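Novice: Numbering (my numbering), first residue to last: 393 to 844. Just so it is clear, CB atoms sit at the ideal spot from N, CA and C, and this is done for glycine as well. Every value quoted in this text rests on a predicted model; they were computed, and no experiment measured them. Structure in structure tokens, see below.
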């Protein structure tokens, strides 16, 4: 198989790169390790796919090997307005929610369907089930070789599992997977690496097969390809991820969701803060505000030398003095109505104060404070916990780190070390905040690579 352009990875950036290359008249093949393309697209934004954001700013992006100016230079050439216009022209309308852009259907499947239709419309050959064994360059050509699995059998098995049926075809497909594998070799003038990262645990989903050694996942493959051509990798760490805390009481308040803010404190200094809906888990804190500050916590914990704390405020609109006076009034009213004996009853006090925060949370705060107003207010406004760990990459929405950005020609995403080799998307050392920023980077960098 010989093509003008080969793209490794059928995620958001890879498909965008392939579409742009094909629209310019070049023959294009996309090689994907999974049985179906766009797996990660389907789970973004809780299945709604926040595909971009109209409020783009350099402060929403991070890199350890380049500059936000470099990142914004790529994004400005194919910005959020251009992204929405692209999808409109290709048959999908969008919905603007205060700058957060979603498909009009509010279903991630609409985005994936649109991209897949584009691949067909512009003649891109999509080859799924590719287990790539080697990537080499001979003269001016790239040679990608490996094995192709029987993805139709895998998809039948996945569909049967999804339907909950016990079809014989499921067992038959599993038994025939090994025999169905065949060799392939793809030759191209240009090679685009769009393999993503390990975030979300998407890489190897659906690839557990008896008798076959687990294939190298797309995410590891991309970094190994980069190393093979002399590139360096910034250490990979989960970002936009839940944080684990040391306190044992989290099981009591697991499942609580509350509006508030989080301040991340590293060695006594505030490193980052955000506000929104906080989520309390059985071992720590989560929710979008926590995700937004998590990369700093992860980096500090990974260094092994820093103390990390999170300070939560569950009463943003109220000052400590106002809150203290209000709680004292409620307690006074309770004592007057029910008598002094009820005043020392935690259950009665919890009942009285549940108009402030979630009942489970208030119950914990009353127990920790002994019902004393000053300490209760401190817990409501400055609930400080020790952050000791973080969830792994499979739980993360994105990873920090990747192929060094200063080894890439930012004008066209081409490697500075190997002519004809391009990188785009999350495989690069770029990560963004929640809110459509990471998909915007995927679209913009994929567009730049494909246009080249």
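(1) Might you give, ordered along the chain, the residues of its own chain that have their beta carbon closer than 6 Å to the beta carbon of residue 602, omitting 5 neighbours on each side?
(2) Count the CB pairs spanning the region 459-476 and the region 512-531 that are closer than 8 Å, and state whether there are at least three.
(3) Could I get the ranges of all uninterrupted beta strand (DSSP E) runs contained in the region 618-679, with 3 residues as the minimum, in chain order?
(4) Roughly how far, in whole angstroms, is the beta-carbon of residue 816 from the beta-carbon of residue 621, given that I think they are within contact range, below 8 Å?
(5) How many Å lie between residue 645 and residue 474 at the Cα?
(6) I'd like the list of long-range same chain contacts for residue 451, defined as Cβ closer than 8 Å, with 5 residues on each side in sequence excluded.
(7) If you draw a straight line from the alpha carbon of residue 445 to that of residue 407, how long is it in whole angstroms?
(8) Using only the alpha-carbon positions, how far apart do residue 496 and residue 490 sit?
(9) What separation, rounded to the nearest whole angstrom, lies between the Cα atoms of residue 576 and residue 541?
(10) Helix, strand or coil for residue 470, going by three-state DSSP, please let me know.
(11) Going by the beta-carbon positions, is the gap between residue 704 and residue 757 smaller than 8 Å?
(12) With H, G and I counted as helix, E and B as strand and the rest as coil, what does DSSP make of residue 681?
(13) On the CB-based measure, 16 or more other CB atoms within 10 Å of its CB, does residue 509 come out buried or exposed?
(14) Quick one: complete beta strand (DSSP E) runs, 3+ long, within the region 792-827?
(15) Once you ignore the five residues that flank residue 377 on each side, which residues in its own chain have a CB closer than 7 Å to its CB?
(16) Given that a residue counts as buried once 16 or more other Cβ atoms are within 10 Å of its Cβ, and exposed if not, what is residue 401?
(17) Ignore the nearest five residues each way along the sequence and tell me which others in residue 430's own chain have a CB closer than 6 Å to its CB.
(18) Among the candidates 651, 794, 673, 572, whose CA atom is the shortest distance from the CA of residue 777?
(19) From the DSSP secondary-structure annotation, give me the bridge partner or partners of residue 771.
(20) So, for residue 413: in the same chain, excluding its five sequence neighbours on each side, which residues have a beta-carbon less than 7 Å away from its beta-carbon?
(21) Hey, residue 618 and residue 785: beta-carbon distance below 8 Å or not?
(22) Using a Cβ-Cβ cut-off of 7 Å (strictly less than) and excluding sequence neighbours within five positions of residue 694, which residues of its own chain qualify?
(23) By the DSSP assignment, the alpha helix (DSSP H) with residue 447 in it spans what residues?
(24) Going by DSSP in three states, residue 590 sits in which element: helix, strand or coil?
(25) Take residue 423 and list the residues in its own chain whose beta-carbon comes closer than 6 Å to its own, dropping the five residues that flank it on each side.
(26) Give the DSSP-derived three-state secondary structure of residue 696 in the structure shown.
(27) In whole angstroms, what is the alpha-carbon distance linking residue 615 and residue 405?
(28) What is the rounded straight-line gap between the Cα of residue 837 and the Cα of residue 658?
(29) Would you report the Cα separation of residue 635 and residue 780, rounded to the nearest angstrom?
(30) Could you check where the beta strand (DSSP E) with residue 574 kicks off and where it finishes?
(31) Measuring only the C-alpha atoms, how far is residue 712 from residue 773?
(32) How is residue 748 classed by DSSP in three states: helix, strand or coil?
(33) With the cut-off set at 8 Å, would you say residue 749 and residue 650 are in Cβ contact?
(34) Along the chain, where does the beta strand (DSSP E) containing residue 433 start, and where does it finish?
(35) Using only the alpha-carbon positions, how far apart do residue 499 and residue 415 sit?
(36) Look at the alpha carbon of residue 814 and the alpha carbon of residue 544, and state the distance between them as a whole number of angstroms.
Specialist: Quick answer:
(1) Here the model assigns residue 602 a pLDDT of 28, short of 50, so the residue's position is not dependable, and the following value carries that caveat. Result list for residue 602: empty, nothing under 6 Å.
(2) no
(3) 625-631, 635-637, 649-658, 661-672, 676-678
(4) So it is not a contact: roughly 15 Å between Cβ atoms.
(5) 44 Å
(6) 460
(7) 20 Å
(8) 14 Å
(9) 10 Å
(10) coil
(11) no
(12) helix
(13) exposed
(14) 813-815
(15) Residue 377 lies beyond the residue range present for the chain, which begins at 393 and ends at 844; the question has no answer from this structure.
(16) buried
(17) 504
(18) 673
(19) The partner list for residue 771 (beta bridge, DSSP) is empty, contrary to what the question assumes.
(20) 397, 420, 842
(21) no
(22) 629
(23) Looking at the DSSP string, residue 447 is not in any alpha helix (DSSP H), and its letter there is neither H nor E.
(24) coil
(25) 400, 519, 522
(26) coil
(27) 16 Å
(28) 33 Å
(29) 8 Å
(30) 574-585
(31) 7 Å
(32) coil
(33) yes
(34) Here residue 433 belongs to no beta strand (DSSP E); instead the alpha helix (DSSP H) covers 431-435.
(35) 26 Å
(36) 30 Å
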